[in-house]
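Here is the structure we will look at.
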Amino acid sequence: MDAIVQQHSGWIEVVCGSMFSGKTEELIRRVRRAQIARQKIALFKPAIDTRYSESEIVSHDAQKLPSRVVKDANEIISLSLEAQVVAIDEAQFYKKNLVKVCKTLANMGKRVIIAGLDTDYRGEPFHPIPELLAIAEYITKTHAICVVCGNPANFTQRKTKSSNQVVIGTSDIYEARCRNCYELPLDPAKKGRQKEKKKK
Ligand code: ZN
């Protein structure tokens, strides 16, 4: 998206993929280039993601940029009035109002860069990323490498048995898998029924 020069118009870019696919690295790369161009930048991340740092966006490969922790996406607008570029990491942890916030920012003439997980540990769409993909001008899908076979990986395999959609962790809890190697976790609500079926 770096080559694009749009005058007097904002737009939305989404970088999405599984865990360990380099989303945050790509977000940081884009922000660094905007810094070189001396653009005013505002960076945000949700309060829920404090795996590496409370005040910085940090990628798995330890690159970092200072960021603000914001609980509710609505706060982002008033904190971005001066910014030409607004970057939001781990966007899947925000509620659906993030979609309206991104629209508003882009309509104000800002470049909005979103990074986030597009699917959860069950391989299901992780809202509000699908809604953001629909309204974005530009989409980049990043891929990890399957730890089992080395193929490009699009799935996030959870290594623990929790069935909450949000469980914060890194390589201690998750690994990247391709479609062939990914194993769908058992749905705990259906476990009883699945066992009953086996008995018959
Ligand atoms: Zn594989």
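Following this note's numbering, the residues of the sequence shown are numbered contiguously, the last one being 451.
Don't be surprised by glycine CBs; every beta carbon is placed ideally from N, CA and C.
Computed from a predicted structure; not experimentally measured.
By the three-class DSSP mapping on this structure, what secondary structure does Q335 have?
coil
What is the DSSP secondary structure of A357, counted as helix, strand or coil?
Helix.
Give every residue of the same chain whose Cβ lies closer than 7 Å to the Cβ of E333, excluding the five residues on either side of it in the sequence, and list them in chain order.
Answer for E333: K291, listed in chain order.
How would you call P317, buried or exposed, if buried means at least 16 neighbouring beta carbons within 10 angstroms?
exposed
Please find out if some non-hydrogen atom of the ligand ZN comes closer than 8 Å to the beta-carbon of C353.
no
Rounded C-alpha distance that separates I308 from I327:
16 Å
Could you tell me if S422 is buried or exposed, where buried requires 16 or more neighbouring beta carbons within 10 angstroms of its beta carbon?
exposed
Tell me which same chain residues have a C-beta within less than 7 Å of the C-beta of A285, skipping the five on either side of it?
I292 and V336
Alpha carbon to alpha carbon, how far is K449 from Q416?
Reliability of the predicted coordinates at K449 is poor, the pLDDT of 45 falling under 50, and the value obtained from them is presented with this limitation in mind. Taking the straight line joining both Cα atoms gives about 27 Å.
Lining residues of the ligand ZN - beta-carbon closer than 6 Å to any non-hydrogen atom, in sequence order
C397, V399, C400, N402, R428, C429, N431 and C432
Would you call R409 buried or exposed, if buried means 16 or more other Cβ atoms sit within 10 Å of its Cβ?
buried
What is the rounded straight-line gap between the Cα of R428 and the Cα of I390?
22 Å
Tell me the DSSP secondary structure of G443 in three-state form.
Confidence at G443 is low in this model, with a pLDDT of 49, below 50, so the placement of that residue is unreliable and no value is reported for it.
Roughly how many angstroms separate the alpha carbons of P379 and G273, rounded to a whole number?
19 Å
How should L383 be labelled, buried or exposed, when 16 other C-beta atoms within 10 angstroms of its C-beta is the threshold for buried?
buried
Are the Cβ atoms of A342 and L349 separated by less than 9 Å?
yes
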